[in-house]
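Counting from 278, one number per residue, gives the positions in the sequence shown under the working numbering.
Written out below as C-alpha cells is the structure these notes cover.
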Amino acid sequence: MKTTHSDWKHILFYFGLSLLVCHELDAVARHEWRLIPGFNLFADHQAQLVFVIAHIPLFVALFWLVGHRSPVVRRRTQFAVDGFLLVHAMLHFVLSGHKNYDFELPLELLLIYGGAVTGLLHLFVLRRSHAD
Numbered sequence: 278m279k280t281t282h283s284d285w286k287h288i289l290f291y292f293g294l295s296l297l298v299c300h301e302l303d304a305v306a307r308h309e310w311r312l313i314p315g316f317n318l319f320a321d322h323q324a325q326l327v328f329v330i331a332h333i334p335l336f337v338a339l340f341w342l343v344g345h346r347s348p349v350v351r352r353r354t355q356f357a358v359d360g361f362l363l364v365h366a367m368l369h370f371v372l373s374g375h376k377n378y379d380f381e382l383p384l385e386l387l388l389i390y391g392g393a394v395t396g397l398l399h400l401f402v403l404r405r406s407h408a409d
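Now the structure itself:
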C-alpha cells in the first residue's frame, strides 16, 4: 500500500495529538492543577479530581470534532489543536520557573515541546496543502 502526502499529513496531526494526550497523563502525575489559577481554592485531592473530570468533556468535544464528517470542521479543528500545542508550550516555558512546576526533562521536552514542534510542522503542511 502506497503512503500519500495526505496520509503523512494526518499521521503528523495524530502524532501531535497523541503527544498532547500523553502530556495530560503526565500532568496528573506532575500536579499541573497547582499552576492553574483558581485551583488553589480547592484541597489538592479535590483540585486533582476537578482537573481530571474537566478533561472528559474537553476530550469528548475534541475527538468528536477531529472525527467530524465535515472536512471543513476537521481542518479547523486540526488548525486549532496545532495552535493550542504552540500556545501550550509557551505557557509551560513561562511557568517553568514557578515553585509548583514539577515537569521534568526529557519527558517534558518530548511531550510539551515536541508537541509544539509537531503542531508547527503540521500547520505548515496544512497551509501549504490548502494553497495547492
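Ideal placement from N, C-alpha and C gives every residue a C-beta, glycine not left out.
All of these numbers come straight from a predicted model, not from anything done at the bench.
Looking at residue i: is its Cβ nearer than 8 Å to the Cβ of residue j?
{"i": "residue 359", "j": "residue 396", "result": "yes"}
{"i": "residue 355", "j": "residue 300", "result": "no"}
{"i": "residue 328", "j": "residue 341", "result": "no"}
{"i": "residue 393", "j": "residue 357", "result": "no"}
{"i": "residue 287", "j": "residue 379", "result": "no"}
{"i": "residue 297", "j": "residue 362", "result": "yes"}
{"i": "residue 247", "j": "residue 352", "result": "No answer is possible for residue 247: it lies beyond the span of the chain, which begins at 278 and ends at 409."}
Buried or exposed for residue i, please, with buried defined as at least 16 other CB atoms from any protein chain shown within 10 angstroms of its CB.
{"i": "residue 381", "result": "exposed"}
{"i": "residue 389", "result": "buried"}
{"i": "residue 402", "result": "buried"}
{"i": "residue 312", "result": "buried"}
{"i": "residue 324", "result": "buried"}
{"i": "residue 290", "result": "buried"}
{"i": "residue 304", "result": "buried"}
Check whether the region 343-355 and the region 368-380 are in contact - that is, three or more C-beta pairs closer than 8 Å. no
In the region 354-385, which residue ranges form an unbroken alpha helix (DSSP H) of at least 4 residues, counting only runs that do not cross its ends? Restricted to the region 354-385, not a single alpha helix (DSSP H) segment is unbroken, complete and at least 4 residues in length.
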